[in-house]
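Below you'll find the structure, written out as structure tokens, and then a few comments.
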Amino acid sequence: MKIVILSLALFGISAFAKIPRQKIKIVNQRLHKEHKVVRVNYFTNIPSEEFYFVDPYQKNKKNKALAFSLESLFKHFAPDAKSVKLTAVNLYQVIIQRSTERAKTTYIMYKQDGSWMENSDLGPLRVIRKGLGIIPNDKITKEGIDWIWMINEISFIYE
35 MKIVILSLAL
45 FGISAFAKIP
55 RQKIKIVNQR
65 LHKEHKVVRV
75 NYFTNIPSEE
85 FYFVDPYQKN
95 KKNKALAFSL
105 ESLFKHFAPD
115 AKSVKLTAVN
125 LYQVIIQRST
135 ERAKTTYIMY
145 KQDGSWMENS
155 DLGPLRVIRK
165 GLGIIPNDKI
175 TKEGIDWIWM
185 INEISFIYE
């Protein structure tokens with residue numbers, strides 16, 4: 035009996051441990067204001083898509099992403115926001131304008147190849163762009179400008 039209980043306890047702990055422990059701060063949202071700081075599994079509440087993409091920052095490796103669109107992020111937290119500022123753990127920041135053409139193919143990934151993303155995978159959240167294929171080296175600076183990883187803060191801008 036003790037072995038069964040111990041096994042169940044260890045299984046429960048290991049299942050829980052698979053979700054990254056990092057927390058993401060949400061700032062200036064108009065909806066879901068009670069969620070100021072969330073764990074990455076919170077984002078399963080936002081409609082997501084599963085698709086393959088070629089990652090220029092992992093030697094053009096083809097990965098399966100589970101990600102939500104930038105538009106879905108706006109709809110969930112800030113329907114009238116004009117842009118979003120994403121901040122990484124190293125304080126690098128990217129501001130993405132909602133109205134730009136490239137915003138339509140911008141996604142925030144939280145699972146890679148079926149697993150929660152750890153720091154070693156550039157997680158727990160990172161920006162990717164859907165449908166680009168392999169990006170030539172001479173275009174990586176332009177195409178990769180919005181790609182940010184290890185996101186720990188999402189802030190909405192209304193002006």
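Numbering (this note's numbering), first residue to last: 35 to 193. All residues carry an ideal CB built from backbone N, CA and C; glycine is no exception.
With distances taken Cα to Cα, identify the nearest neighbour of residue i among the options.
i      : options                          : result
ILE142 : HIS69, LYS116 and PHE85          : PHE85
ILE162 : PRO54, TYR76, GLU177 and ASN79   : GLU177
LEU104 : ASN186, THR134 and LEU65         : THR134
ASN94  : LYS67, GLN127, VAL128 and ILE169 : ILE169
ASP155 : THR78, ALA99 and PHE190          : ALA99
LYS65  : PHE87, LYS52, ALA101 and ALA115  : The question names Lys, but residue 65 is Leu in the sequence shown. The shortest C-alpha separation from LEU65 is found at ALA115.
PHE102 : TYR91, TYR76 and ASN186          : TYR76
Just mark residue i as buried or exposed, buried being the case when its beta carbon has 16 or more other beta carbons within 10 Å.
i      : result
THR139 : exposed
VAL118 : buried
PRO158 : buried
THR121 : buried
ILE182 : buried
GLN146 : buried
SER48  : With a pLDDT of only 43 at SER48, under 50, the local geometry of the prediction cannot be trusted, and no value is derived from it.
ILE174 : exposed
With residue i as the anchor, note down where its beta strand (DSSP E) starts and where it stops.
i      : result
ILE174 : Counting along the chain, ILE174 falls outside any beta strand (DSSP E), though it belongs to the alpha helix (DSSP H) covering 174 to 177.
LEU166 : Segment: none, LEU166 is in no beta strand (DSSP E) and carries neither H nor E.
THR140 : 140 to 146
ALA122 : 117 to 122
ARG73  : 71 to 73
ILE60  : 57 to 61
GLN92  : Where GLN92 is concerned, there is no enclosing beta strand (DSSP E), given that its DSSP letter is neither H nor E.
Could you name the residues that DSSP lists as bridge partners for residue i?
i      : result
TRP183 : ARG160
PHE85  : ALA99
SER149 : GLN146
Can you tell me where the alpha helix (DSSP H) with residue i in it begins and where it stops?
i      : result
PHE111 : 104 to 111
Is it the case that the stretch 105 to 124 contacts the stretch 74 to 81, given that we only count it when at least three CB pairs across the two stretches are under 8 Å? yes
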